[in-house]
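Some notes on the structure that comes next.
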Amino acid sequence: MSITRRKFLKGSAAGLGCLGMSSVAGLRYVSKSHAEELAAQKVKYVASSCAICTNKCVFRGQVVNGVIKRLEPQPEFAKGRGMMCARGNAGAWTPYDPNRVKYPMIRTGKRGEGKWKKATWDEAYAYIAEKTNKVVEEEGGHRSCIGFASSEGTYHEHYWNQFRTVFGSPNSLRHATLCLSSVIRGFMAVVGTYPSVDIKNSKYIILAGADRAEAFITPDTIDMFSDRSKKIICLDPRFTRTAAKATKWYPIKPGTDMAFALAMINVIIGEGLHDKAYVDKHAYGFDQLAQHVKQYTPEWAEKETDIPAQDIREIAREFAKTPNAVYYPGRRSSWQGNDVETRRAVAMVNVLVGSFDREGGLIPSVAIPTGKYFYEPAWYTNSRPRLEEDDVTFLNPRDGSWVAWRERALKSDPYAIRGLYIYKQNVVASLPNRNKTMELFDKMDIIVCVDTFMSDTAWHADVVLPETNYLERLDPPNGYGVNGIEPTLTIRQPLIKPMYDTRSGFEIVIGLAKYFEDEDGFTLDEYFEGDVESHTKDAVAEYPGALEMMKEKGFFTDGRTAPVGDYLSGKKIFNTPTKKLELYSDDFKGRGFDPMPTYKKPADIGANKFRFVVGRHAIHTQSMTANFPELNWHMPENTVWINSAKAKQMGIKSGDMVRLKNRDGAEVQINAQVTEGIRPDCVYYANGYGSLSKGQPLVYGKGASQAQILEAHFEPISGNALMHETIVEIRKV
Amino acid sequence: MANNKLWTIVFDADKCIDCKACDVACKRENGINANGNQDVRRNWINATGVVGTYPNLKKSFQPEQCHQCGNPPCVPVCPVDATWAKDDGVVVIDKDVCIGCTLCVLECPYEARYMTENNTADKCDFCAHRVAEGKEPACVDTCPTRVRVFGDLNDPNSAVAKLLKANPNAKVLHPERGTKPNLHYIS
């Protein structure tokens, strides 16, 4: 810190000198009062990292007279390519959000009524403990009756998970099954890892659904669009900004991506365009796959996908013949029931042209290992397995499967869930079928929500515990989300002192832990050691100078990059059951799944119905940012995209209020946006609007909520929610 | 002064993904509270809208801001001399002098000016306070895809001068108005 401050003082003195000169040279420009004002300013810079999305871009936070003015990009932060997006810039507002949670609050009215009393931390903890201990006692001491939801992005989530494990509940629910679990599972099955993509060196990129111009992943987004020599093929039902920047856009029929990938394989193998040496040496099951895909001709795929056979053929040929071509894995949420198999097919296209572990292709991520914070687990004699354990084949015990779990919890099957402890996951606004989430909330005896602002979830909680804003907080070094080809550790440091009676995630957990005991009568805080300061030091103790670098620059890297070719040279072993790249999976076969991706036609949605497709926007991170004034300015309200020709048939014009109704009978009302840029059989609107919380005044009741219209389905291999299985009808209001 | 700078931005608009980082960075940097007013912005992105008929569609994005014209039409219309071009080409406004008559806002062919809540004219000044400290304007340094390149066109070794030399077909907007703009577009 002292280094940073010394540097800052030096820098600011030089800066003021310049300003003084310019005010003399351009006397009329800087009027006297303004010049005095500038001279009196105390400017300091603090290096830290963003918390508005998963990328954690590093910035130089400019604080003027104790107020955060700007989060300038840190040009040296390689993974972010030295940029700061709209959301990252807009984050500077969040400490000053007049509606942020300023002190612990206990609900006094009905849930969602917005009546609260201000509480001290001890009052809030005591209230939570009393309610919780009562239900645990009523459930015969089974602590599994409390479900724990949490979200990464803050660097304090693992403390929350530690609290859950020492508390004694297996029911952990993270965001992954609302996001990329199926993608991870599909790629794991074929290449043994969920890889990064070497976009910088890719020449030819197939983007299927991954809207990288709007759903930023660093450095992919920047590398993809700042070098316009790359050929980009975009498959998306919607004409996104990525589609606008792509070399060619195909409005693929939703649910048919696998047909496209299989037809590519058909052409690549059929015409002998695959990388024979690579496949011979590294792949397992080529002959079976070659036989299997004979049925999947481009002519067949044209009927499924609405992409002309000749185009599929040409794309397959060009893809196979262009060195450094990659079929991008994407992160976008699971679409339909065959999603893991679809992602496997995509991974196989990459394997056939030899793109895995090669420059410009799929690269296994590396991380800078940090000192781990170990703790003793607590032991409970009557612990139970997690609720939805039997519903999902590859269930990650920390992620859970949200939709499957909620179904079980609603039916108390096989046991009752009585309370929810939620750490910064806006489950009300992010889980499909909001009515069911509200039903679940109705069943709860206690709902605790930790957040910085009044999300829809906090709004419906019994106790809201305010976490200190990311610009007021020290966060220990973290590599999650910034791993990849150029791994980095990032840190957060306070730009300003906490403005209100808030605590860090760690402090909240420690405080709460003091109110609970394990079976042996020890209070749970005894399982925690040290503090965020000491954890910060310990994490990077093995790297000399790392802590100092992080404090000065906001990140640490020792310059390492992911080694390319280590798997191909045999230095590393593929992490699959056969230790090969699997074009055929005995493992899947043994579990009763298709050993090779086998196409299943999506069900016909019926006449005059629409498939609801989800998507992103560069100004928003899901449900988190729509209330940020500078972002909301760009989209004060969301609108439903309806294809022009279809809208004309239905007599709908832009600006008309329409009602959408899904197969469960859930409805929303929203203004129509008639556009050429979407398939006639699909509709879309942006996430984050139609909020239930009056603590988000810019989006309270404005537009429509995605969670409200999405039907809840999940995919049983990875447990991922299916985000493109919502069928709606539309009528003009 | 003999060695005047001529601050210039060269745009490679084809790289723009319409992500709005330039607008939000500008508003933070310059303390602009738009308060929901859609006229309040120092830079903006012209989008063509979706052109064509499904599925043969195109859409392009063109960021824009004050052109810091060499022959600025906003300057002579000001009745109180509150706005003028500095030696470095940047057109500035003295808000203490501005009487809020809106003539400059109406005169600008690029619609680069707007009225603030305090009823004074405002517009982009290439973040003069940052440039004075040797930094780039906020819209330039925040841009994910590096659409903008900022520099001194009077310096033949500057990145902007080199870019314009390498792109002889670079264009300015509304050349027919004779404003001699200092924003150049190479795509």
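Heads up: the sequence lines are chains A and B, in that order.
Numbering-wise (the numbering used here), the first sequence opens with residue 130 and increments by one.
Numbering-wise (the numbering used here), the second sequence opens with residue 259 and increments by one.
Don't be surprised by glycine CBs; every beta carbon is placed ideally from N, CA and C.
At least one CB atom of chain A sits nearer than 7 Å to the CB of Ile275/B. Contact check between the region 344 to 356 of chain A and the region 175 to 189 of chain A: three or more CB pairs, one atom from each, fall below 8 Å, which counts as touching. Unbroken alpha helix (DSSP H) stretches of 4 residues or longer found wholly inside the region 221 to 281 of chain A: 250 to 267, given in chain order. Contact of Glu431/A with chain B is not assigned, every C-beta pair being separated by 7 Å or more. The continuous alpha helix (DSSP H) containing Lys410/A extends over residues Lys405 to His411. For Met212/A, the closest C-alpha among the options Gly436/B, Ala279/B and Phe269/B is that of Ala279/B. The DSSP-derived three-state label of Asp399/B is helix. Exclusion of the five residues before and after Tyr829/A leaves Ser820, Ser822 and Lys823 as the residues of its chain whose Cβ lies within less than 7 Å of its Cβ. Considered as a whole, the region 544 to 585 of chain A harbours 548 to 552 and 575 to 580 as its complete beta strand (DSSP E) runs of no fewer than 3 residues, in chain order. Between the alpha carbons of Arg435/B and Cys324/B lies a gap of roughly 15 Å. Under the three-state reduction of DSSP output, Met373/B falls in the strand class. By the neighbour-count criterion, in which a residue is buried when 16 or more other Cβ atoms sit within 10 angstroms of its Cβ, Val557/A is buried.
Put simply, the region 278 to 287 of chain A does not touch the region 254 to 264 of chain A. Fewer than three CB pairs are less than 8 Å apart. The C-beta of Asn330/A comes no closer than 7 Å to any C-beta of chain B.
Between Leu302/A and Cys362/B, the alpha-carbon positions lie close to 57 Å from each other. Rounded to whole angstroms, Ala343/B and Tyr174/A show a C-alpha spacing of 32 Å. Cβ contact annotation for Gly500/A (same chain, cutoff 6 Å, sequence separation greater than five): Asp667, Ala668 and Ala670, in chain order. Rounded to the nearest angstrom, the Cβ distance from Ser310/A to Asp520/A is 13 Å, too far for a contact under 8 Å.
For Asp410/B, the enclosing beta strand (DSSP E) starts and ends at Arg406 to Asp410. Looking only at Gly721/A, Gly190/A, Ala774/A and Phe843/A, the smallest Cα-Cα distance to Gly310/B is reached by Ala774/A. The beta carbon of Met212/A falls within 7 Å of a beta carbon belonging to chain B, placing the residue at that interface.
With respect to the 7 Å criterion, Ser494/A and Ser714/A are not classified as neighbours on the basis of their beta carbons. Here the C-alpha atom of Asn395/A lies approximately 27 Å from the C-alpha atom of Ser847/A. Listed along chain A is no residue with a C-beta nearer than 8 Å to that of Lys420/B; the closest approach is about 18 Å.
Taking 3 residues as the shortest admissible run, the region 793 to 850 of chain A contains the following complete beta strand (DSSP E) segments, listed from N- to C-terminal end: 796 to 804.
The beta carbon of Gln191/A lies closer than 7 Å to those of Val172, Tyr174, Lys198, Arg199 and Glu201 in the same chain, with the five residues before and after it left out. Taking 7 Å as the cut-off, the beta carbon of Tyr457/A is found no closer than this to the beta carbon of Glu711/A.
Proximity of Thr341/B to chain A, defined by a Cβ-Cβ separation below 7 Å, is not satisfied. In the DSSP assignment, Ala430/A forms no beta bridge with any residue. The beta-carbon of Arg370/A is placed less than 7 Å from the nearest beta-carbon of chain B.
Annotation: Ala587/A to Asn555/A spans about 8 Å, alpha carbon to alpha carbon. Non-local C-beta neighbours of Tyr509/A in its own chain, meaning closer than 7 Å and more than five positions away in sequence, comprise Arg272, Gly297 and Glu648, ordered along the chain. Annotation for Gln417/A: the continuous alpha helix (DSSP H) segment containing it runs Phe415 to His421.
From the beta-carbon of Glu287/B, the residues of chain A found nearer than 7 Å are Arg199. No Cβ of chain A is located within less than 7 Å of the beta carbon of Leu264/B. Non-local beta-carbon contacts of Gly806/A in its own chain, meaning distances under 6 Å to residues more than five positions away in sequence, involve Phe368 in chain order.
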